[in-house]
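Just so we're aligned, residue 1 is where the sequence shown starts under our numbering, counting upward by one.
Glycine included, each C-beta is placed from N, C-alpha and C at the ideal position.
Just so it is clear, the structure is predicted and the values come from calculations on it, not from any experiment.
Below: the structure, in structure tokens.
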Amino acid sequence: MMLSFTTETQMNYRGYSIDNENGRCVARPLDGDDLAIVSRDLKRVTGAISDLWGALDYIDQIRAGEADLIPVSRIVREWVVNPTPVLDMDAASVRGAC
């Protein structure tokens, strides 16, 4: 089941502001970092946010080049090794990385 919200709705989740922009949920960090997490499915966006927070517990493994050992989605493991300004969760889902 896909979670969504109306165009007038905004929510905050774990330090991210999530807005509906043209039918897609777009999450941006409240601290101003240059990152957008996007999906048509709110659950995918909140899941990616939770995974990013979870990855912080494994920062030493990331530095050691062992990101594959972090128990989060593959897209987030890939992102912590090679950060990009956008995490497109729909594209990741299509390629099986969620």
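- Note that the C-beta distance between S39 and M89 is below 8 Å.
- Residue pairing of E21 in beta bridges, as defined by DSSP: R24.
- Counting only residues of its own chain and dropping the five nearest sequence neighbours on each side, V76 has a CB closer than 7 Å to the CB of A48, D51, L52, A55.
- Membership of A48 in the alpha helix (DSSP H) is indicated by the continuous run 42-55.
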